[in-house]
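Quick note on UniProt numbering: the sequence shown kicks off at 1 and runs consecutively.
A virtual CB, placed ideally from N, CA and C, is assigned to each residue, including glycine.
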Amino acid sequence: MLDLDKKTFEDEVLKADGYVFVDFYGDGCVPCQALMPKVHEFADTYGDKLKFTSLNTTKARRLAIAQKVLGLPVMAIYKDGEKVEELVKDDCTPESIEAMIKKYI
1 MLDLDKKTFE DEVLKADGYV FVDFYGDGCV PCQALMPKVH EFADTYGDKL KFTSLNTTKA
61 RRLAIAQKVL GLPVMAIYKD GEKVEELVKD DCTPESIEAM IKKYI
């Protein structure tokens, strides 16, 4: 799992070839922290088929807003610089995250 910041997001996500999973999380987001071990498990399981990244929105607030991340947690799939699917807030369950991942591997 690659930790992103505002300097690396463009190259690693927007300019990347293929599909990229992005976990948008925040330091004070309790649901984000609860999901993090499962997301890391998915990265270990599916990381050879899908690029897994994460962005701490607490440290990159403007970037998160530019990506239309207005609530947390958000799990998104990008392709060719465009967000093709996302799960937001209560839709972010381990089951729904894994189902979304499986559509793009």
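Which residue or residues does DSSP assign as beta-bridge partners of residue i?
i     : result
ILE77 : PHE21 and GLU85
ASP3  : SER54
Once DSSP output is grouped into helix, strand and coil, what is the label at residue i?
i      : result
LEU14  : helix
LYS51  : strand
ASP27  : coil
ILE105 : coil
THR45  : helix
ALA68  : Note on residue identity: the sequence assigns Lys, not Ala, to residue 68. DSSP places LYS68 in coil when its eight states are reduced to three.
CYS92  : coil
LYS38  : helix
ALA99  : helix
What does the Cβ neighbour count give for residue i, buried or exposed, with the cut at 16 atoms within 10 Å?
i      : result
PRO73  : buried
VAL20  : buried
ALA60  : buried
GLU82  : exposed
LYS102 : exposed
ILE65  : exposed
For residue i, I'd like the list of residues in its chain whose CB is within less than 7 Å of its CB, leaving aside the five on either flank, ordered along the chain.
i     : result
VAL69 : PHE24 and THR57
CYS32 : TYR25, GLY26, LEU72 and PRO73
VAL88 : GLY71 and VAL74
VAL84 : ILE77 and TYR78
Give me, in chain order, the residues of the same chain whose beta-carbon lies closer than 6 Å to that of residue i; leave out the 5 immediate sequence neighbours on both sides.
i     : result
VAL39 : ASP23
LYS7  : none
Near residue i, which residues of its chain fall below 8 Å by C-beta distance, leaving aside the five closest residues on each side in sequence?
i     : result
GLU41 : none
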